[in-house]
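A.B. asks: Below you'll find the structure I mean.
Residue numbers (my numbering): 288 to 435.
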């Protein structure tokens, strides 16, 4: 076993999964044994750490404003999509309506086909003329007097 292999299995080793090859490598390699000792020390000391108090929001606001003044914080900008991505989205948005229109057109064509050789036209019917109203002789006399 070499150092690279040991570093890959180190998390498992720390969890208790140890084999004789790893033990033999630790006995012969001072770098890996020092690394393991450091990690064990950090792990044992981390238990002793207390949770510290969170700084007030005023501290965070001052820190943020200072970083903005120094130019280290910028307003987030969304990347503009390329023309290819825009075309892809546009094309995908029109696929379903176009397919639906084609299906409807095919359905109309299948259920109402034109008959080959049937070129007769439908005779146009004209509406009958409205009946002329009958005017009585008395009404005619009144109309003539008014017209004169």
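Backbone N, C-alpha and C fix where the C-beta goes; we use that ideal spot for every residue, glycine too.
In whole angstroms, give me the CA-to-CA distance for residue 398 and residue 389.
C.D. replies: Residue 398 and residue 389: Cα-Cα distance of roughly 14 Å.
A.B. asks: Can you give the Cα-Cα distance for residue 384 and residue 301, rounded to whole angstroms?
C.D. replies: Near 59 Å, if we compare the C-alpha coordinates of residue 301 and residue 384.
A.B. asks: Does the separation of the CB atoms of residue 313 and residue 320 fall below 7 Å?
C.D. replies: It is a contact, given that the beta carbons lie within the stated cut-off.
A.B. asks: Taking only runs that begin and end inside the region 317-396, name each unbroken alpha helix (DSSP H) of 4 or more residues, in chain order.
C.D. replies: Correct list: 317-333, 344-356.
A.B. asks: Sorted by chain position, which residues of the same chain lie with C-beta nearer than 6 Å to residue 375's C-beta, five sequence neighbours on each side aside?
C.D. replies: Taken in chain order, the list of residues that qualify is empty.
A.B. asks: Just mark residue 309 as buried or exposed, buried being the case when its beta carbon has 16 or more other beta carbons within 10 Å.
C.D. replies: Per the 10 Å Cβ criterion, buried.
A.B. asks: Taking only the alpha-carbon atoms, compute the straight-line gap between residue 427 and residue 414 and give it to the nearest angstrom.
C.D. replies: Looking at the two C-alpha atoms, the distance is approximately 29 Å.
A.B. asks: What is the DSSP secondary structure of residue 425, reduced to helix, strand or coil?
C.D. replies: In the structure shown, residue 425 sits in a helix (DSSP, three-state: H, G or I).
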